[in-house]
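This report concerns only the one structure given below.
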Amino acid sequence: MKSPTYLSFSLQMSPALSQAQTFKRMAEWVSKVNSRKMRNNGGNMEIAPGIHRIICRFGEKRMVYVHLLIGDDAALLIDTGCAHNPAQEILPYMQSIGFDVKNLTTILISHSDIDHQGGNVPMKQAAPQALLMCHRLDEPWVSDTEALVNGRYSQFETDHNIGYGDAGKQGIRESCLSCSVDMTLSGGETFRLSADWSVEIIHTPGHTWGHLAVYDPRSKVLISGEATMWTSILDEEWQPAMPPTYCYVDTYLATQARLLSMDIDMLSSAHWPVQRGTAVADFISESRNYCLHVESKLLEKARNEGPFMLREAIETLGPQLGDWPQETNQDFSYGMLGNLDSLARRGFLQTERNGDGLTMWSVTP
79 MKSPTYLSFS LQMSPALSQA QTFKRMAEWV SKVNSRKMRN NGGNMEIAPG IHRIICRFGE
139 KRMVYVHLLI GDDAALLIDT GCAHNPAQEI LPYMQSIGFD VKNLTTILIS HSDIDHQGGN
199 VPMKQAAPQA LLMCHRLDEP WVSDTEALVN GRYSQFETDH NIGYGDAGKQ GIRESCLSCS
259 VDMTLSGGET FRLSADWSVE IIHTPGHTWG HLAVYDPRSK VLISGEATMW TSILDEEWQP
319 AMPPTYCYVD TYLATQARLL SMDIDMLSSA HWPVQRGTAV ADFISESRNY CLHVESKLLE
379 KARNEGPFML REAIETLGPQ LGDWPQETNQ DFSYGMLGNL DSLARRGFLQ TERNGDGLTM
439 WSVTP
């Protein structure tokens, strides 16, 4: 059987980072970030003129960066964190830099996920004049927490017997205060912030169908959210917290190709250090290569071991593919299922049901 290829990227030509390379990269990030902590208000900073990066903490050591863009005529907040983050970090940061929340004109949610939309209600309460927006494809989950729980966080239960349980789902509900959006986008829109400053909305699907990034042509900064997810999602100490949760591999890889074609000097993402210069292309390429590496490991497992369930793939391959805490291995359901579905669509794997009605994968004869 031939080895699968994606776009122009061959599996054999696109190895993932070795464990040693990964640890070296993270050590470099930790060193750089620690050296800046005394200068950037504990992780918050203005990364380019008018573009502020605000750290929002949740869980034990998890964090997400939201972004505030302040122009002469308008101001844009990208993401709202979890339910507690507006009061805990976002509004205090605005006050610390002298920005009146009454001047916030737009709240843009990059995609449907608890730590990106969870603070929507408190932010709208603080800034009722601001228009809440997201991509039209993510709108059903952004507007309704229960739809998010049932659609995103329960999607593996029926076919794979993998889920968050009642307690986990209740925790999601408590941390995610959703409300109806005021306007939906498709990508390609331009937001005017000042007479001489506009930013562009870029559709970057893969993690979700309607993921959006924001590009500033003036400073060549891309605020990427989770459009490109490296080899793991990191915690506030830049250590692996969980596997990358890309979902739709075809579009995810197409997004990586699009990002590599853009003129980006700085990449500011949701869970990773700011990347500058040549490190931008390295980060995006490593994200693409890791996705392809996971695909190759799944295909190898199917060839060598025969039919397997998603849970079995996660249990055997998870420890080989990352150094995140064992309890977050099940979050590989998103990425691995994306890879498996892609391999099946392209004819390399086939599916069947076992006696319990769960999906199994094997090599196509």
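According to this note's numbering, the stretch in the sequence shown is residues 79 to 443, in order. Note that CB positions come from ideal geometry on N, CA and C, so glycine has one too.
Member of the options whose CA lies at the smallest distance from the CA of residue i
i	options	result
S356	W350, I342, S347	Correcting the residue identity first, residue 356 is Thr in this sequence and not Ser. Cα-wise, what sits closest to T356 is I342.
T333	L418, C160, G288, N228	G288
G149	L271, I362, Y143	L271
L215	E267, H281, I250, G159	H281
L312	V199, M320, L182	M320
E304	D193, N228, W439, N122	D193
S190	V259, I392, T183	V259
G147	M172, A161, F136	One detail in the question is off: residue 147 reads as Leu in this sequence, not Gly. The shortest C-alpha separation from L147 is found at M172.
G197	S310, V142, H213, E278	V142
R140	A348, P127, V358	A348
T323	V372, M340, I175	V372
I129	G159, V352, G265	V352
Limits of the unbroken beta strand (DSSP E) element including residue i
i	result
D294	290 to 294
C160	Element bounds for C160: n/a, residue is neither H nor E.
S414	Checking the sequence, you will find Met at residue 414 rather than Ser. Segment 410 to 423 is the alpha helix (DSSP H) holding M414; no beta strand (DSSP E) there.
Y143	140 to 148
R131	129 to 136
E278	275 to 281
R431	427 to 431
A126	123 to 126
Residue range of the alpha helix (DSSP H) that includes residue i
i	result
P170	169 to 174
R389	388 to 399
W219	217 to 221
T306	Counting along the chain, T306 falls outside any alpha helix (DSSP H), and DSSP gives it neither H nor E.
Q334	327 to 339
Cβ-based burial, residue i [other Cβ within 10 Å; buried from 16]
i	result
R366	buried
Q408	buried
R188	A small correction: the amino acid at residue 188 is Ser; Arg does not occupy that position in the sequence shown. Per the 10 Å Cβ criterion, buried.
M261	exposed
A153	buried
R381	exposed
P200	buried
A205	buried
K180	exposed
T223	buried
K202	buried
D157	buried
Alpha-carbon spacing of residue i relative to residue j, whole angstroms
i	j	result
D328	Y412	14 Å
T429	G416	14 Å
F269	S221	22 Å
R424	A391	19 Å
E167	P443	55 Å
D294	S276	7 Å
Y330	W350	18 Å
R135	N163	7 Å
L376	E364	18 Å
M116	T309	The predicted position of M116 is uncertain, since its pLDDT is 32 and thus under 50; no value can be drawn from it.
L155	V292	11 Å
R230	G246	13 Å
D151	M123	21 Å
Same chain, Cβ closer than 6 Å to residue i, five either side skipped, listed in chain order
i	result
R354	M344
D401	P318
E314	K139, M141
Residues of its chain near residue i, where Cβ-Cβ distance is below 7 Å and the 5 sequence neighbours each way are ignored
i	result
I362	T306, Q334, L337, L338
P218	A225
Test: residue i CB closer than 9 Å to a CB of chain D
i	result
L186	Protein chains in the displayed structure number just one, and chain D is not present.
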